[in-house]
Every structure is written in structure tokens, then in C-alpha cells.
Amino acid sequence: MLLLYKDPPKKLDYIPEMRKALAGETCPMCGGQDPVTLDHFLPRATHTEFALLSYNLVPACACNSRRGRVVADEAQGLRLLHPYYDVCLNQPLFTCDFNPADHVPTFETRLLLAEDDPHYANVGFHIQSVVLKTNIRTFLAKRWQKLREFPDDMLFGNRSHRESVARFQAYLIGLSTSKSRVEGPNAWETVFFRSIAEESVASWIFNNT
Ligand SMILES: [Zn+2]
């Protein structure tokens with residue numbers, strides 16, 4: 137099977153086409169951009185029998201190689217989320233609490249699900265094993281720096297929502313909702329806008345930019 141995989145038959149021509157079509161989309165595994173590989177959810181080295189099974193081929197970006205062969209932590213009964221089966225991926229899973237006074241903010245991720253949600257533990261495992269293995273922290277830090285430098289470019293039209301902190305926060309929540317509709321609820325861009333719409337951060341932006 138491994139040999140077949142290395143020299144695939146012509147019928148697999150659709151795979152490069154699928155990869156091209158994914159450019160510019162949000163990676164369903166980590167929320168990054170351009171999921172241009174098809175990841176073997178169950179690694180082919182350990183699950184050769186599933187190497188060509190379509191449900192085992194999940195669009196992914198560089199997070200694919202960064203997570204390595206991690207699929208589950210059997211000792212703790214935890215597993216990664218699967219984009220085809222775990223519909224909880226379609227809801228906002230986490231936000232980042234950062235201290236806006238830091239020039240390069242430090243991030244603490246916080247799950248948005250209730251602790252008694254049946255997906256809670258697996259979402260935490262997925263974020264640790266996939267999302268935080270990517271360069272999402274660098275992405276968010278750069279976004280934050282740009283916002284400090286160019287607030288009116290990053291927050292288009294924000295000056296007409298500055299009557300009060302509450303009004304400004306509502307404007308940021310609106311931006312976060314739009315990003316979520318366009319990019320997906322856990323796309324990095326959405327996570328950024330969701331994080332800055334937190335009251336403490338919104339208030340800092342209101343008072344300092
Ligand atoms: Zn990814």
C-alpha cells in the first residue's frame with residue numbers, strides 16, 4: 137500500500153485539483169490559511185489501510201507536519217477533532233486573553249465551551265496538539281502590533297463608534313461576527329477580532345488609540 141501511495145494511479149488526479157481549489161481557504165484543522173495539503177488524519181505510517189480512504193484525507197496546512205503522528209492520547213482518553221465528524225468545529229472554540237499593555241502580548245488561550253460540554257476535553261487536546269503547534273501566536277502578535285500602529289486601517293470606520301467603550305466594544309463584536317461568517321468561527325483572523333472584542337482589550341484600544 138505504501139508503494140501504491142508513492143506512485144498513485146491516474147484516477148487520483150483529482151487530488152492535486154482539490155489542493156488547488158483549497159488555496160485561500162481556512163484550514164479546518166488549525167484555522168490557519170491555505171490548507172493546500174491533504175492530511176492523513178490517521179497517519180499512513182501507522183494506518184496504511186486508511187491511506188486512500190477519502191474520510192481520512194482532510195484538507196490541512198503546515199499544521200499537518202507540525203502535529204506529527206499525534207491523533208489521540210489514549211491514556212487520558214483524548215483525541216483530536218475531525219473536521220468531517222466533529223460539528224463542534226463549527227462553533228467558536230476558543231479566544232485568547234492577552235494583556236493589551238504588552239507591546240508583544242503574551243497569550244493565554246481560553247476555551248469557550250462549558251466545562252461540562254462533552255467536547256470540552258477533546259477541544260483542549262486539539263488546541264494544544266494542533267492549533268498551538270502552528271505559528272498562530274506570531275500571527276496574533278503581528279496583528280496586534282499592526283492594530284497599535286495603524287488603528288484606523290485595521291478598524292475601518294471605528295471613529296464613528298467611539299461615543300462610549302460599550303459602543304466601541306459592540307462595534308468590535310460586530311467585526312468579529314463578520315469575520316466568523318466569512319472566514320469561519322475558528323479562523324485566526326476571527327480569533328484575533330474575537331480576542332480584541334473582550335471588554336478589557338476593547339477598553340484599552342478605546343483609551344489608547
Ligand atoms: Zn492547519
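Using my numbering, the letters of the sequence shown correspond one by one to residues 137 to 345.
In this text, a Cβ means the ideal position worked out from N, Cα and C, and glycines have one as well.
Cβ-Cβ distances below 7 Å link serine 265 to Arg203, Val206 and Leu216 in the same chain, with the five nearest sequence neighbours on each side left out; the list follows chain order. With 16 or more other CB atoms across the displayed protein chains lying within 10 angstroms of its CB, glutamate 334 is buried. Contiguous beta strand (DSSP E) elements confined to the stretch 234-274 occur at 243-247, taking only those with 3 or more residues. With respect to the C-alpha of glutamine 212, the residue from Gly260, His218 and Tyr191 having the closest C-alpha is Gly260.
Shortest gap from the CB of glycine 168 to any heavy atom of ligand 1: under 7 Å. Within the chosen limit of 7 Å, ligand 1 does not reach the beta carbon of threonine 231 with any heavy atom. Ranking Arg317, Thr274 and Gly293 by CA distance to the CA of tyrosine 307 puts Gly293 first. Within the model, the alpha-carbon separation for glutamine 281 versus leucine 249 is close to 28 Å. Nearest to glutamate 210 by C-alpha distance, out of Arg298, Lys315 and Asn258, is Asn258.
When rounded, the separation of the alpha-carbon atoms in tyrosine 221 and proline 171 is 18 Å. By the Cβ rule, the stretch 185-192 does not count as touching the stretch 231-238, because fewer than three pairs are nearer than 8 Å. Threonine 184 has its CB no nearer than 7 Å to any heavy atom of ligand 1. Cα atoms of phenylalanine 304 and leucine 247: separation of roughly 24 Å, rounded to the nearest angstrom. Beta bridge pairing from DSSP links glutamine 169 with Thr162.
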